[in-house]
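If you're matching positions, the sequence shown starts at 1 in the numbering used here and goes up one per residue.
Note that beta-carbon positions come from the ideal geometry of N, C-alpha and C, so glycine has one too.
Shown next, in structure tokens, is the structure this report addresses.
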Amino acid sequence: MSDDRPNGWAGPPLPQQTQPAASRQCQHCGWPTPAAEPVCRNCGTDARLGAGRFAPAGPGHAPAAGGLATSTNGLAIASLVLGILWLYWVGSILALVFGYLARRQIAQRQGVQGGRGLATAGIVLGWVGVGFLALFIMVAMVGLATDPTYDAKALHLPF
């Protein structure tokens with residue numbers, strides 16, 4: 001008998017005999033998504049097969065079929081606001097702290113939370129404020145050192 005099939009071959013497996021895929025790629029962005037999760041971790045769209053066209057996943061938009069909605073990170077917003085307000089350089093330092101924390105949280109949540117641009121803007125404004133603080137301190141020190149009427153005793157300094 002010239003049969004190319006091995007002995008015991010019973011044809012293709014029945015649907016109930018196949019194992020579910022461990023992961024699949026998102027149809028929108030191509031990111032590997034675990035089969036048990038209905039929402040893509042990268043873009044937030046519905047990653048299930050046959051779910052239809054993706055829904056934009058941004059602020060105010062929920063992914064299709066009741067997936068996780070994206071939100072803006074609160075620390076990113078606080079970082080931007082404090083970077084703008086400045087608050088005698090305390091706001092600049094807090095903008096740096098909140099901005100870096102927000103970027104770490106956004107990266108850990110893998111597309112479920114947005115606001116990376118806000119956090120980056122807060123970090124930039126925070127560093128600008130810290131730069132102005134350093135410039136202010138340097139100008140004050142040079143001004144005190146070059147003042148002919150400068151007297152350490154008049155300022156009640158211990159040295």
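Item                                                                                                                                             : Value
For the alpha helix (DSSP H) containing Thr120, name the first residue and the last one.                                                         : Arg116 to Thr146
Got a sec? Which residues, its chain only, sit under 6 Å from Ala34 by beta carbon, not counting five neighbours each side?                      : According to the sequence shown, residue 34 is Pro rather than Ala. Around Pro34: Ser23.
Quick one: Cα of Ala95 to Cα of Leu82, how far?                                                                                                  : 5 Å
Please classify Gly99 as buried or exposed, where buried requires at least 16 neighbouring CB atoms within 10 angstroms.                         : buried
Give a yes or no on contact between the region 122-136 and the region 99-112, applying the rule of three or more CB pairs nearer than 8 Å.       : yes
Straight-line CA distance for Leu133 to Gly143?                                                                                                  : 15 Å
Taking the alpha carbon of Val112 as the point to measure from, which residue in Thr70, Pro32, Gly30 and Gln25 has its own alpha carbon closest? : Thr70
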